[in-house]
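Residue numbers (my numbering): 8 to 158. C-beta atoms are modelled at their ideal positions from N, C-alpha and C, and glycine is treated no differently. Heads up, the thing below is written out as structure tokens.
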């Protein structure tokens, strides 16, 4: 969950055209304006997330190290797949595919750092150079995959 929060692949979501003039925080948004939710800003809001730029998977765990329930305020703020009636209908499918992909790799390979190659720093931060259009990408990196012996 923390990986999806820290580096949301689609930082903007919910593009909409407003159907009538709207006043929002003292500004007039005219009818037919294009608006969207900034998921990236929401998922890195310091008012919501303690140390939002730090990878902390434990933020989604309770004191017993169990996943917080879906109705917990922290989980409710996790909007990588949108929220409400316009949430991504493929969220459960995507989550299951991500899980299966990662577990398949971890089951079959030992992953180790490359020999004589520069590593991405442990305190890697997301910056403008990671954006390619409307999609967020991690910088290029190398690793070694050594096939595990069959058990």
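Within the segment 18 to 72, ranges of the beta strand (DSSP E) (whole runs, at least 3 residues): 19 to 24, 29 to 31, 34 to 36 and 41 to 45
Residue from 23, 37 and 22 whose Cα sits closest to the Cα of residue 29: Against the chain shown, residue 29 aligns to sequence position 22. In this structure, 37 is the residue among 23, 37 and 22 with its C-alpha nearest to the C-alpha of residue 29.
Rounded C-alpha distance that separates residue 77 from residue 83: Along the chain shown, one-based indexing puts residue 77 at 70. Along the chain shown, one-based indexing puts residue 83 at 76. Each residue's Cα considered, the two are about 7 Å apart.
Cβ contact check for the segment 15 to 25 and the segment 79 to 93: 3 or more pairs under 8 Å: yes
Span of the beta strand (DSSP E), counted from its first residue to its last, around residue 151: Working through the chain shown from its first residue, we reach residue 151 at position 144. It spans 151 to 154 - the beta strand (DSSP E) in which residue 151 sits, taken as one unbroken run.
C-alpha distance - residue 120 paired with residue 128, whole-angstrom precision: Working through the chain shown from its first residue, we reach residue 120 at position 113. Working through the chain shown from its first residue, we reach residue 128 at position 121. In this structure, the alpha-carbon of residue 120 lies about 12 Å from that of residue 128.
Residue span of the beta strand (DSSP E) that contains residue 118, given as start and end: Against the chain shown, residue 118 aligns to sequence position 111. Its beta strand (DSSP E) spans residues 116 to 119.
Bridge partner(s) assigned by DSSP for residue 126: On the chain shown, position 119 is the one that residue 126 refers to. According to DSSP, which records beta bridges pairwise, residue 126 is partnered with nothing at all.
Sequence-distant residues of its chain with Cβ nearer than 7 Å to residue 62 (five each side left out): Here residue 62 refers to the residue found at position 55 of the chain shown. The beta carbon of residue 62 sits closer than 7 Å to the beta carbons of 9 and 13 from its chain, once the five residues preceding and following it are set aside; these are given in chain order.
Exposure label - residue 60; buried when at least 16 CB within 10 Å: If you number the chain shown from 1, residue 60 lands on position 53. Classification of residue 60: exposed, given that the 10 Å Cβ count is below 16.
CB of residue 162 within 8 Å of CB of residue 16, strictly: Residue 162 cannot be examined here, being either before or after the span of the chain that is shown, 8 to 158.
Cβ pair residue 154, residue 115 closer than 8 Å: Residue mapping note: residue 154 aligns to position 147 of the chain shown, counting from 1. Residue mapping note: residue 115 aligns to position 108 of the chain shown, counting from 1. One thing to note: residue 154 has its Cβ within 8 Å of the Cβ of residue 115.
Contact test: residue 66 Cβ vs the ligand SAM heavy atom, cutoff 7 Å: Annotation note on the ligand SAM: not contained in the displayed structure, which lists no ligands.
Residue 49 classed as buried or exposed, judged by whether at least 16 other C-beta atoms fall within 10 angstroms: For the purposes of this step, residue 49 is taken as residue 42 along the chain shown, with counting starting at 1. Of the other Cβ atoms in all chains shown, 16 or more fall within 10 Å of the Cβ of residue 49; this residue is therefore buried.
Classification of residue 85 by the beta-carbon crowding that lies within 10 angstroms, buried from 16 upward: Along the chain shown, one-based indexing puts residue 85 at 78. Label assigned to residue 85: buried.
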